[in-house]
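Structure first, commentary second.
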Amino acid sequence: MLFTIILQAAVAGAGLAKFGAAIGAGIAAVGAGIGIGRIGGSAVEAIARQPESVNDIRMNMIIAAALVEGVALFAVIVAVMAVVMN
Amino acid sequence: MNNIKYRGWKIVLLLLVVCLLPVHAAETAEKEPFNAGEFVLGHVTDSYSWHVTKVGETEISIPLLVIVRSPERGWYAFWSTNLNEGATYEGFKIAATDPYKKKVVEVLPNNQVVRPLDISITKNVASLLISAILVLWIVLSLARHYKKAPMKAPKGILGAIEFIVIFVQDEVIKPCVGKDYLRYSPYLLTVFFFILINNILGVIPIFPGGANLTGNLAITAVLAVCTFFAVNIFGTREYWKDIFWPEVPVWLKVPIPMMPFLELFGIITKPMALMVRLFANMLAGHMIAMVFMAIIFIFGSVSPMLGTGVSVVAIFFAIFMNFLELLVVVIQAYVFTLLSSVFIGLSRIEPHKKEH
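Residue numbers (our numbering), protein chains in the order written: chain R, 1 to 86; chain W, 87 to 442.
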């Protein structure tokens, strides 16, 4: 039923591309949140196990978070392309 | 204030004031409704004149050179103020519709619109020149200190720059590149300082900053291409052998070379990931800051009271996002340099000693 509603809206010219792009960007944000949350959790746990290696762990956590965030931003760029390009 | 020993407090205060400067909500009644998309995009994309601010009804912007070459009539160079508000100057105007939207086009006598060869000094180019001069000044002043007094430790701000250089070299370049890291150190340090200074200039809201240079796909593409050349031109034989004939089972290589294709594809995607990561991070950070500013104007166009009320919250959010963006700026420069040095180190591998 949801599918027919979406198709009717698309036929009426409501912008299926914008709908898809917004949903895609939202899912990318969820993915980034899950990924970076796991990185942060493991890092904090590792610091609790061995407090004197805090500096090494902090550096590695930041690097891993930047890489995961890069992937989420690839998805955002694709979403922007879906909206802007015709 | 005489008992404050920290002498840099004036600089910190000035920086804080500069960061708070985007607090400039227009009080005049808007004749047309506020277009948030155009406001945001106008700040993060390129343009032919550098818009600084709007005092009352007059716009204050820095005019830049437009240098175009039409195929029939030759070279033309003029200030971009001649093209304000869609005016036509010497047959050139800024197109308002697709294609060539917001670019200089030539209107031929038969009303045909064609795009001339365009090497204008746009906002991005001017910002690039400014940041190049800044990077050269910062780095060369440290080098000059060492030329004058090779055994003396630099003091003050030169000491801070040296700290950053040593940090990048010892923590990032030396472990990742390996034995001959000194050969690649100039390029990697240049990339780090270039990206860092450009990103920081992008966060500063007023001239000479605020031009969002690294949020431009062309700039990051050039940086990625430089890394691509640095990785592949100096690759060892072992590196190329691992790409075209990797140590995998033979059926993955011989009838259809699947693994070589994947490795060749990987050579291109790794610098492309560098490019998109830096571009997307910088563009997203800028757009977030601009959107928070735009929220004030959107609410303000409904009613001025609502705009004022929202502006308090929005300014707090914008300042917080700007500080977060400072962190992202440093991290992105660091990650670009780190990944470039990892790729260079991977391309300089020696043959494994076979243990049988």
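Quick reminder that beta carbons are idealized off the backbone N, C-alpha and C, glycines included.
These figures come from a predicted structure and were not determined experimentally.
Per-residue burial, residue i [other beta carbons within 10 Å of its own, 16 or more giving buried]
| i | result |
| --- | --- |
| H438(W) | exposed |
| P202(W) | buried |
| N298(W) | buried |
| H442(W) | Confidence in H442(W) is poor, its pLDDT being 49 and thus under 50, which makes the residue's placement too unreliable to answer from. |
| N196(W) | exposed |
| M81(R) | exposed |
| E436(W) | exposed |
| L410(W) | exposed |
| A79(R) | buried |
Residues that residue i contacts on chain W, provided the C-beta gap is smaller than 7 Å
| i | result |
| --- | --- |
| V68(R) | Within 7 Å Cβ-Cβ: nothing; V68(R) doesn't reach chain W, min ~11 Å. |
Cutoff 8 Å: residue i Cβ touching any chain R Cβ
| i | result |
| --- | --- |
| G424(W) | Strictly speaking, residue 424(W) in this sequence is Leu, with Gly absent from that position. Closer than 8 Å: yes. |
| I362(W) | One detail in the question is off: residue 362(W) reads as Val in this sequence, not Ile. With 8 Å as the cut-off, V362(W) counts as an interface residue toward chain R. |
| V446(W) | Examination of residue 446(W) is not possible in this model, given that chain W is present from 87 through 442 alone. |
| H110(W) | Caution is warranted here: a pLDDT of 43 is assigned to H110(W), below 50, making its placement in the model unreliable, and the coordinate value is therefore given only provisionally. Output row for H110(W): interface = no. |
| A359(W) | yes |
| I417(W) | yes |
Neighbour flag for residue i against chain W, beta carbons, 8 Å
| i | result |
| --- | --- |
| V11(R) | no |
| A57(R) | A small correction: the amino acid at residue 57(R) is Ile; Ala does not occupy that position in the sequence shown. Cβ-Cβ to chain W under 8 Å: no for I57(R). |
| L7(R) | no |
| A21(R) | no |
| L2(R) | no |
| L73(R) | yes |
Proximal residues of chain W, C-beta to C-beta of residue i below 8 Å
| i | result |
| --- | --- |
| V76(R) | A366, A370 |
Cα-Cα separation between residue i and residue j, rounded to whole angstroms
| i | j | result |
| --- | --- | --- |
| I34(R) | A66(R) | 14 Å |
| W331(W) | K339(W) | 7 Å |
| T4(R) | A21(R) | 19 Å |
| V396(W) | E124(W) | 21 Å |
| A111(W) | N285(W) | Below a pLDDT of 50, predicted positions are generally treated as unreliable, and A111(W), at 44, falls in that range; no measurement from the model is reported. |
| I243(W) | A17(R) | 51 Å |
| P240(W) | A246(W) | 9 Å |
| I180(W) | I292(W) | 25 Å |
| R230(W) | G321(W) | 33 Å |
| T139(W) | I148(W) | 10 Å |
| A115(W) | E143(W) | With a pLDDT of 46 at A115(W), under the threshold of 50, the modelled position of that residue is not reliable, and the figure given next carries that caveat. Answer to the nearest angstrom: the Cα atoms are 10 Å apart. |
| P390(W) | F403(W) | 20 Å |
| L303(W) | F365(W) | 6 Å |
| D328(W) | L425(W) | 20 Å |
| S133(W) | I305(W) | 15 Å |
| W95(W) | T131(W) | 34 Å |
| I374(W) | G40(R) | 24 Å |
| R93(W) | F253(W) | 25 Å |
| A29(R) | F74(R) | 11 Å |
| N60(R) | I205(W) | 43 Å |
| F429(W) | T167(W) | 45 Å |
| D266(W) | F383(W) | 55 Å |
| P346(W) | I77(R) | 29 Å |
Interface flag, residue i vs chain B, CB-CB below 8 Å
| i | result |
| --- | --- |
| Q255(W) | The structure shown has no chain B; the protein chains it does contain are R and W. |
- Residues in the stretch 388–404 of chain W having any Cβ partner in chain R nearer than 8 Å: none
- Query: Taking any Cβ of chain R, which residues in the stretch 340–354 of chain W have a Cβ under 8 Å from it, in chain order?
  - Reply: none
- Query: Given a limit of 7 Å on CB to CB distance, which residues of the stretch 32–64 of chain R reach chain W?
  - Reply: I62, I63
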